[in-house]
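Step one of this worksheet: look at the structure below.
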Amino acid sequence: MPNQLTIALLYGGRSAEREVSLESGNQVAAALESLGHRVIKIDVDDSVEDKLDANQADLAFIALHGIGGEDGTIQKILEDKGIKYTGSGVLASAYGMDKIASKKAFAKHGLLTPRFIELKSNSYDEVAIKEPGWPAVVKPNSQGSSIGISIAHDHHELKKAIDEAFALGDKVLIEQFIKGREIQCGILGNEKPQALELIEIVSKKQFFDYEAKYDPSLAEEIVPAEVTPQQKQKIQEVSLKAYNALGCRGFARVDTFLTSDEQVYVSEINTIPGLTANSLFPKEAKASGIEFNELIQKIVDLALESTIERI
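So, in structure tokens, the structure goes:
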């Protein structure tokens, strides 16, 4: 049994992923309590700093998803207060939430990532928008759980998708559609991270969107993924490189595509993957021999390590 800690469980928040965060937080809180820790649940709002001051915790476990919780904002508050916390630091969190910045970092480190166009204003120009080709994937720059993502097959669909994406943020990217197997890799660790077992997503919809992520009937999850030893090694190596490229720590999930010619493309990285009953990261850990409570304790232990300077 680990030493008892007083842990502030930060969850909820105001992002579009609030409901997922509440579910993750409740799962984590139950695990922490069963491990013998004292848990203080804090639904994050404008008074979060006062709540943190009123409840002196040894550690903050961040179970927030999306804007405000996964983008470096809460991490900066905790840094300023000198409170240790789970997951990546301020800069890595900001990079992970910013799809455009993270894709540029992946490319800088020699990783394949789908070609893309960055839109900073909703001004549609059919001549300018000629790459990356059809079909095109349209994403708001700073949303998680596949919120606001569309696939467009022509200019009419593209214009509609861009309008919808701009309703969720001030930057949008139009991305090359990669035809391949969607395979995700969980990463656990600080300076010596380990790649967990892979999971393949076979969506029954056009792609693995928000609805499919949280409705088990809409996607098949194959874990461990049915890949060759060589494919597994390559995907894990690429995922570890992506993790290190952003300076992540603690835990994260890397989303990749494996093409028919054995190329591995990094789609994005989720610095606080879901920890619900239907979430992929705990399933990857379980396939690696790590049960949920053990996983949560490992995340806590990694947060308590002081060997890495956060960025």
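Counting in the working numbering, the sequence shown runs from 62 upward without gaps. We put the CB at the ideal spot given by N, CA and C, even for glycine. Please read all numbers here as calculations on a predicted model, not as lab measurements.
Taking only three categories from DSSP, how would you classify residue i?
{"i": "Arg75", "result": "coil"}
{"i": "Leu180", "result": "strand"}
{"i": "Ser211", "result": "strand"}
{"i": "Thr337", "result": "coil"}
{"i": "Gly86", "result": "helix"}
{"i": "Lys200", "result": "strand"}
{"i": "Asp104", "result": "strand"}
{"i": "Glu366", "result": "coil"}
{"i": "Ala228", "result": "coil"}
{"i": "Tyr275", "result": "Because the pLDDT of Tyr275 is 42, which lies under 50, any placement of that residue in the model is unreliable, and the number read from its coordinates should be weighed accordingly. DSSP places Tyr275 in helix when its eight states are reduced to three."}
{"i": "Glu298", "result": "helix"}
{"i": "Gly157", "result": "helix"}
{"i": "Ser349", "result": "coil"}
{"i": "Ile68", "result": "strand"}
{"i": "Ser95", "result": "helix"}
{"i": "Ser264", "result": "strand"}
{"i": "Val288", "result": "coil"}
{"i": "Gln255", "result": "strand"}
{"i": "Ile239", "result": "coil"}
{"i": "Phe269", "result": "Only weak support is given to the placement of Phe269: the predicted model assigns it a pLDDT of 42, under 50, and the value that follows is read from those uncertain coordinates. Phe269 falls in the coil class under three-state DSSP."}
{"i": "Ile128", "result": "coil"}
With which residues is residue i paired in a DSSP beta bridge?
{"i": "Asn331", "result": "Arg314"}
{"i": "Tyr146", "result": "Ala121"}
{"i": "Gly194", "result": "Partner(s): none; Gly194 has no beta bridge."}
{"i": "Ile135", "result": "DSSP, once it has assigned bridges, lists no residue as partnering Ile135."}
{"i": "Gly250", "result": "Gly311"}
{"i": "Leu173", "result": "Tyr326"}
{"i": "Leu152", "result": "Partner(s): none; Leu152 has no beta bridge."}
{"i": "Ala280", "result": "Ser264"}
If you measure between the beta carbons of residue i and residue j, is that distance less than 9 Å?
{"i": "Ile260", "j": "Val299", "result": "no"}
{"i": "Asn202", "j": "Gly230", "result": "yes"}
{"i": "Ile101", "j": "Leu125", "result": "no"}
{"i": "Gly171", "j": "Lys265", "result": "no"}
{"i": "Leu319", "j": "Val327", "result": "no"}
{"i": "Ser85", "j": "Leu356", "result": "no"}
{"i": "Lys181", "j": "Thr174", "result": "no"}
{"i": "Tyr304", "j": "Val315", "result": "yes"}
{"i": "Met158", "j": "Asp132", "result": "yes"}
{"i": "Ile208", "j": "Gly148", "result": "no"}
{"i": "Ala346", "j": "Asn331", "result": "no"}
{"i": "Lys344", "j": "Leu249", "result": "no"}
{"i": "Leu341", "j": "Glu282", "result": "yes"}
{"i": "Ile161", "j": "Lys232", "result": "yes"}
{"i": "Leu257", "j": "Ser321", "result": "no"}
{"i": "Gly130", "j": "Ile333", "result": "yes"}
Using C-beta distances below 7 Å, list every residue in its chain close to residue i, excluding the 5 sequence neighbours before and after it, in chain order.
{"i": "Ala222", "result": "Val199, Ser211 and Ala213"}
{"i": "Lys293", "result": "Leu259"}
{"i": "Asn354", "result": "Ala92, Ser95 and Leu96"}
{"i": "Gln88", "result": "Leu336, Thr337 and Ala338"}
{"i": "Pro63", "result": "Leu96, Gly97 and Gln358"}
Going by beta carbon distance, what residues of the same chain come within less than 6 Å of residue i, once the five residues before and after it are set aside?
{"i": "Leu139", "result": "Ala121 and Tyr146"}
{"i": "Lys295", "result": "Val325"}
{"i": "Ile235", "result": "Ile178, Ala197 and Val199"}
{"i": "Thr67", "result": "Arg99, Ala118 and Asp119"}
{"i": "Lys137", "result": "Val151"}
{"i": "Ile144", "result": "Ala121"}
{"i": "Asp104", "result": "Gly73"}
Any beta carbon of chain E sitting closer than 9 Å to that of residue i?
{"i": "Ile178", "result": "Of the chains in the structure shown, none is chain E; there is only one protein chain."}
Which residues in the same chain have their Cβ closer than 8 Å to the Cβ of residue i, if we skip the five residues on either side of it in sequence?
{"i": "Ile363", "result": "The residue asked about is misnamed: residue 363 is Leu in this sequence, not Ile. Here the set comprises Thr147, Leu249, Gly250, Asn251, Arg310, Gly311 and Phe312."}
Measuring only from the beta carbon, is residue i closer than 8 Å to any heavy atom that is part of the ligand SAH?
{"i": "Gln291", "result": "Absent from the structure shown: the ligand SAH. Ligands present: none."}
The stretch 304-311 / the stretch 150-162 touching (three or more Cβ pairs under 8 Å): yes
Three CB pairs or more closer than 8 Å across the stretch 108-123 and the stretch 70-90: yes
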